[in-house]
Structures are given as C-alpha cells and as structure tokens.
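Asks: If you scroll down you'll find the structure; I have some questions about it.
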Amino acid sequence: MSNQQNAKQEQPARGGINISGNAKIHVGGDMVNGDKIVQGDEIHAGGAVNVVNIGAGAQVGQVAAGNNITQTQGASAQDLAALFSAIYKQIDALPGASAQDLAALFSAIYKQIDALPNNPNVERGEIRDTVKYIENETAKGENANPNKVERWLTTLKTMAPDILDVTAAALLNPLAGVSAAIKKIAAKARGDKS
2 MSNQQNAKQE QPARGGINIS GNAKIHVGGD MVNGDKIVQG DEIHAGGAVN VVNIGAGAQV
62 GQVAAGNNIT QTQGASAQDL AALFSAIYKQ IDALPGASAQ DLAALFSAIY KQIDALPNNP
122 NVERGEIRDT VKYIENETAK GENANPNKVE RWLTTLKTMA PDILDVTAAA LLNPLAGVSA
182 AIKKIAAKAR GDKS
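Going letter by letter, the sequence shown gives residues 2 to 195 in the working numbering.
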C-alpha cells in the first residue's frame, strides 16, 4: 500500500470528537448517527462544522474551537468544564445575537408553557406573561434592567420551576445575546454554583 493511501486511511473524519485510550465516556440527550434534519431556521455551511448543544434544544454551529478535540484518559469533569467554558467564550466573541435568535429561544419556552398541565393555583397566561416580561427586558441587551429580570425569575421559580429552568437556560445560551449581569442572575436563579 502506498504512503498516500496510508495517509488517507489514517485521517479522522471531519468534525466530531476523537476519543482515545481507555476513557470512560457517558453521553446522554439527543443522539444522532448521521445527518439530523431539523425544521425552522437552518444554517448551511461547508467544511468542518463543530456543533455544540447549549440547552433548551438549541445548538450552535461553526464554533471556532478546532476540528479535532481529543479527550485523553484521565480528563476530569473540571477539564471538560474548562473546555466548554473556552468554547462558550469563543461563541460570545462572535457578532451579537439578533432579535430573531432571542425570539427563537423563547418560542420553545412558550411551547412548553402551552403543554403544561392545568394547575388550579397558577394559570398558563400568568406564566406566559412573566416569561414575556423577561424576554422583552432582556431584548434590550446591555440596557436591560437586571433587577426586574431577577424579580421575574424569582416569581417564575415559585409559579413554574420547570419553566424557570428552560428560561434560565435560554438566557445563558450565547445566542441570546444578553448582558453579563443578566447571565449571572439567570445562573443564580437556576441554582448554578459560581
């Protein structure tokens, strides 16, 4: 076999994750082998595309994190957290999010509100209104009032904790384009330790 044929066989597939050694890996969530067809806004890109699931069903493509991310034996959860933190910083450095990006994230939340079972103590409309207040305020970007958002997230936590979780995840999503202050409040409301 020629050297050129050998080189072709040894090249890893473009994109994805290369794992070597005796590493133990647990993967959960939406697993797809091959192409995933999605509805709604789609991004078509050529070349190697890295995709990162961020939460609330959202994904970010074209992350400038390199084509080959290698996990070696002994990598801890802290190492992986540092890796994802670096990726998120690169995503944050991308041009700002649009109103469409924020609306798409909140659209998924409204669908979850509509799917909630009836609750005699809290009406869906009340939950929806609170989420809408949060969406409208955070759409102001750096001009958003963190105190208002914190109050509404606290209210949401008492009315519908599961909706708080997805709302906080949406606010923490780099596509949301919210201010650093709002991100800290969302992380605190969700119960993140930092």
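The beta carbon of each residue, even a glycine, is placed where N, CA and C say it ideally should be.
If we call anything under 8 Å between Cβ atoms a contact, is I164 one with Q101?
Replies: no
Asks: Give me, in chain order, the residues of the same chain whose beta-carbon lies closer than 8 Å to that of G142; leave out the 5 immediate sequence neighbours on both sides.
Replies: G97, G178, V179, S180
Asks: With distance defined between alpha-carbon atoms, name the residue in T156, P175, D166 nearest to D193.
Replies: D166
Asks: Give a yes or no on whether the C-beta atoms belonging to L157 and V123 are separated by under 8 Å.
Replies: no
Asks: Answer yes or no: do E138 and K149 have a C-beta to C-beta separation smaller than 8 Å?
Replies: yes
Asks: Should N174 be labelled buried (16 or more other beta-carbon atoms within 10 Å of its own) or exposed?
Replies: buried
Asks: Could you say which of A182, L154, D130 lies nearest to A190 if we only look at CA atoms?
Replies: L154
Asks: Return the first residue and the last residue of the alpha helix (DSSP H) that P175 is part of.
Replies: Where P175 is concerned, there is no enclosing alpha helix (DSSP H), given that its DSSP letter is neither H nor E.
Asks: Assign I116 to buried or exposed, taking buried as 16 or more other Cβ atoms, counted over all protein chains shown, within 10 Å of its Cβ.
Replies: Contrary to the premise, residue 116 reads as Ala rather than Ile in this sequence. It is exposed - the Cβ of A116 has fewer than 16 other Cβ atoms within 10 Å.
Asks: Please go through the region 109-135 and give each complete alpha helix (DSSP H) segment of 4 or more residues, from N-terminal end onward.
Replies: Considered as a whole, the region 109-135 harbours no complete run of any alpha helix (DSSP H) with no fewer than 4 residues.
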